[in-house]
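Only one structure is covered here, and it is reproduced in the block below.
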Amino acid sequence: GACVAGCAIPAGRQASRLAMAAVSFCSIGVGWWLGQTEASAAFNECVQSGEIVREALADTKTRTGSYPSTLEELGGALPCRRTLRGTLLTYSRTADGYSLKFSDWFMTHEATQEHAFVGHK
């Protein structure tokens with residue numbers, strides 16, 4: 006048998022452990038890649054469709070007299086969704102309106118009730 010970390014391990018067992026390590030490594034890599042791909046797609050959707058959320062917020066304000074407490078109160082499907090982590094959009098109601106933003110590793114896009122999304126690093 007082979008000796009790993011001072012323990013005698015039969016060759017067949019060592020190969021099995023190496024195979025399990027390789028499968029684990031590949032699974033982590035594939036999971037990371039899928040997560041990054043989904044996050045990138047959600048970010049791009051925000052860039053293309055973020056103004057739809059601003060329009061829905063304005064409609065709600067016109068209809069009810071105030072902005073909602075949460076984006077979920079708008080009803081319907083929000084853009085920029087990720088499977089496990091929800092939407093990239095961050096919303097907070099302020100004293101005079103709201104703040105809406107989304108970001109990735111490099112860019113943050115911010116909007117308010119008065120200003121469309123503006124991206125900055």
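Just so you know, we're using my numbering here: the sequence shown kicks off at 6 and counts up by one.
We put the beta carbon where it would ideally sit given N, CA and C, even for glycine.
The model shown is predicted, which means the values in this text are computed figures rather than measured ones.
- Contact check for F122 against G55 passes: the beta carbons are separated by less than 8 Å.
- Ranked by Cα distance from S108, the options H125, V28 and A24 are led by H125.
- T92 sits buried, since 16 or more C-beta atoms from the chains shown fall within 10 Å of its C-beta.
- Here DSSP, grouped into helix, strand and coil, assigns S32 to helix.
- Taking C-beta atoms under 8 Å as the contact rule, E115 and S104 qualify, at a distance of about 7 Å.
- Annotation for L79: V58, A61, L62, T65 and P73 place their beta carbon closer than 8 Å to its own, counting only its chain and skipping 5 residues before and after.
- Here the alpha carbons of C85 and S29 stand approximately 30 Å from one another.
- Boundaries of the beta strand (DSSP E) harbouring T95: T95 to R98, taken from the DSSP string.
- For G124, the enclosing beta strand (DSSP E) stretches over residues V123 to H125.
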